[in-house]
Amino acid sequence: MSLQYRMIAKDSRSNSIEAATKAFDYWLTQRKGLSVDLSIDGRRTEGQDVEVSVLNVAADDVVVRRMALYEETSSHERWATILTIIKTENESWVWVDLEWVSDDPWGHPPTVKPPALVQYLLVEDSMTVGPVGLPPTYHHIISENQAAGVIQVLLNPDRSSPVIILSADLHSPLSDQQDRAKRLAREVLGLAPVYLLSEAATNALNSALNNGLMVYGGAVRTYLPALDHAGPATKRHRVLGAKWFQQDSWRAVAMIASPVRTRALSARPPAVYRKQGRELLQSINSGADAEIFLSFATEAQEAADRAERALVELRDDLDFASAEHDETLAELGSAQARIKFLESELSDAGKYLAGVETPEQFSEISISSFDDVLEEGSYQLTNLIIGDTDEGVAALDEYPQASAWAKKAWRSLLSLDAYAEAKTRGWNGDFQTWCIEPETPSSPSVPSNWVALAESSSVDNNSKYRNARIFPVPTGVDKEGKVYMSAHIKIVEGGRPAPRVHFYDDTSGVTGKIYIGHIGPHLPNGQTN
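Taking our numbering, the leading residue of the sequence shown gets 124, the next gets one more, and so forth.
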């Protein structure tokens, strides 16, 4: 069956099996109108097109209870809601899967929401994913003191689940903000906590984060794990502005919740379950047949896991490509508006240039690959020294997006060259400042959020990752003939292979040049390895 939802959480209750069974029974009774004796193992029909299955297995010190509801719908779909509880002497796990198959798998995809069963499982606030608790609804954080707890959750290096923050919206009634938070919490139930912050709590949170990770103005931000690695202005932790909720609140909620639910599908079952899976499977069959069944089942599960991970990666790539496309369209619209304005001003001054072709000397250099970038850069960009980047650019040129990436890389090098040239004329500031406010409006630059002048502490303090960013320079720049190039330009914010340009800025040093150490795929860090 096709997996549509997955929640796997630790349960702190000593009576986890009994409590989860009670929740499952309550869900069957209240939401499904079924009265089932869950103390009896086996699979049985309960009304038209409905089946309930109960399985109990004990192996060594592990007890597993699995309960499932299978429902056929009038539209020829079959849904399975499966609850598994795994309990040992030291820990308990609760695992909920929602699966779907259809006679028409190529038809309209199903509308998926977390099963109402999850609401009943979370009522006692006993479920956690790592150090993060899973509440049955959203948290309304009002004071600065309360915000300290949220900050602690966000910055916890052991956090392995997303956290969703709704910043204070001073232009919307509190009731509207609460409605957003409530709906969002329902859509990510069992997967991520949702916090609605007051103005004071929003200010306290932003004071604890760097500029690239702040959230304000009614925007909603999804903070994935590894916050320290993210760096400034990253799109890893997606932001959705308040205007989206004002225009179409339901769509905005779906845009936030859908990626969270999709990523959660790749969660692996607890290690204790994987180790004891043989006992569970052998309870279904016996003898040689069980070994054959186990072998096939294990291979099938591994293949399904690989396919699911590949699907998640492809969806992430599509998300990043879509965001990049939106950014390009916005830049194009802004440039076209600027051209119209300038043509209008020139017309008023008696200069009529609308429709006149651009002279060749002002045309953009044709860049279609990274080889073009290196060839043009080597003799045109006199303020840059491009090192041995052949291996990195060759890797990038293998991708179908190489032409688009190469154009962005060329734009980045042009900007670095113009910045270095301006420094010789006395312009003050670093490259990121240049991108915010260049020497003249026509000076080449890139969006400032492409630029990171430093790496995260997790890279700085890890010798393996740090060494991957050390590149040769003349001994006049550094007596050892090499430097750590933490400054970089993000050609693509995320996805794969997330091309980067790493450079060393010696414009204020003895050479006055910028040294390019790497043009290629994202260098290794805690996320890539």
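In this text, a Cβ means the ideal position worked out from N, Cα and C, and glycines have one as well. Quick caveat, the model's predicted, so the values are computed rather than measured.
Pairwise C-alpha distance: residue j and residue i
i	j	result
residue 305	residue 261	6 Å
residue 638	residue 565	24 Å
residue 540	residue 336	29 Å
residue 380	residue 193	25 Å
residue 570	residue 310	34 Å
residue 620	residue 343	27 Å
residue 518	residue 290	41 Å
residue 404	residue 217	Because residue 404 sits at a pLDDT of 47, beneath the cut-off of 50, its placement in the model cannot be relied upon, and the point is left open.
residue 597	residue 330	41 Å
residue 147	residue 164	15 Å
residue 235	residue 368	21 Å
residue 143	residue 370	40 Å
residue 176	residue 166	4 Å
residue 128	residue 543	52 Å
residue 130	residue 195	23 Å
residue 550	residue 636	14 Å
residue 125	residue 201	10 Å
residue 414	residue 391	Since pLDDT at residue 414 reaches only 47, below the 50 mark, its modelled position is unreliable, and no value is offered.
residue 151	residue 169	11 Å
residue 568	residue 614	13 Å
residue 466	residue 294	38 Å
residue 385	residue 182	32 Å
residue 556	residue 538	12 Å
residue 605	residue 599	10 Å
residue 149	residue 191	14 Å
residue 560	residue 631	19 Å
Per-residue burial, residue i [other beta carbons within 10 Å of its own, 16 or more giving buried]
i	result
residue 506	buried
residue 229	exposed
residue 70	Lying outside 124 to 652, the shown extent of the chain, residue 70 is not represented and no answer is given.
residue 502	exposed
residue 463	exposed
residue 633	exposed
residue 629	buried
residue 207	buried
residue 140	buried
residue 134	buried
residue 224	exposed
residue 197	exposed
residue 345	buried
residue 535	buried
residue 508	buried
residue 393	buried
residue 411	Low confidence applies here, because residue 411 scores a pLDDT of 43, under 50, leaving its location unreliable; read the following figure in that light. Exposed, by the Cβ-count rule.
residue 354	Note that residue 354 scores 43 on pLDDT, short of 50, meaning its location in the model is unreliable and no value can be drawn from it.
residue 213	exposed
residue 296	exposed
residue 366	exposed
residue 231	exposed
residue 272	exposed
Which listed residue (the options) has its alpha carbon closest to that of residue i
i	options	result
residue 132	210, 164, 556, 169	210
residue 161	172, 348, 178, 614	178
residue 307	287, 614, 640	287
residue 548	559, 563, 536	563
residue 205	197, 222, 245, 196	222
residue 496	508, 623, 530, 466	530
residue 278	298, 557, 154, 333	333
residue 493	504, 508, 510, 533	533
residue 253	554, 273, 280, 180	280
residue 199	600, 282, 614, 172	172
residue 361	616, 159, 551	616
residue 523	553, 491, 554, 535	491
residue 180	271, 396, 567, 227	396
residue 174	394, 203, 137, 636	203
residue 154	213, 126, 233, 238	238
residue 595	510, 303, 313	510
residue 303	363, 282, 537	363
residue 324	340, 554, 314	340
residue 250	315, 382, 274, 584	315
Anticipated Cβ contact below 8 Å, residue i with residue j, distance rounded
i	j	result
residue 627	residue 640	7 Å
residue 255	residue 215	The Cβ separation is near 17 Å, so there is no contact.
residue 646	residue 592	6 Å
residue 241	residue 219	6 Å
residue 528	residue 622	5 Å
task = Decide yes or no for the touch test of the region 594-611 against the region 570-586: beta carbon pairs closer than 8 Å, at least 3 of them.
result = Counting Cβ pairs under 8 Å, three or more are found: they touch.
task = Spell out a yes or no on whether the region 252-266 and the region 313-328 are touching, meaning 3 or more CB-CB pairs, one atom from each, closer than 8 Å.
result = Enough Cβ pairs lie closer than 8 Å, so yes.
ask   = Are the region 509-518 and the region 461-473 touching by the rule of at least three beta carbon pairs closer than 8 Å?
value = Two segments are said to touch when three or more pairs of C-beta atoms, one from each, lie closer than 8 Å; by this definition the region 509-518 does not touch the region 461-473.
request  = May I ask you to verify whether the region 368-376 touches the region 185-203, counting CB pairs closer than 8 Å and requiring at least 3?
outcome  = No contact exists between the region 368-376 and the region 185-203.
ask   = Between the region 239-251 and the region 267-282, do at least 3 Cβ pairs fall closer than 8 Å?
value = No, because fewer than three Cβ pairs between the region 239-251 and the region 267-282 fall closer than 8 Å, the two stretches do not touch.
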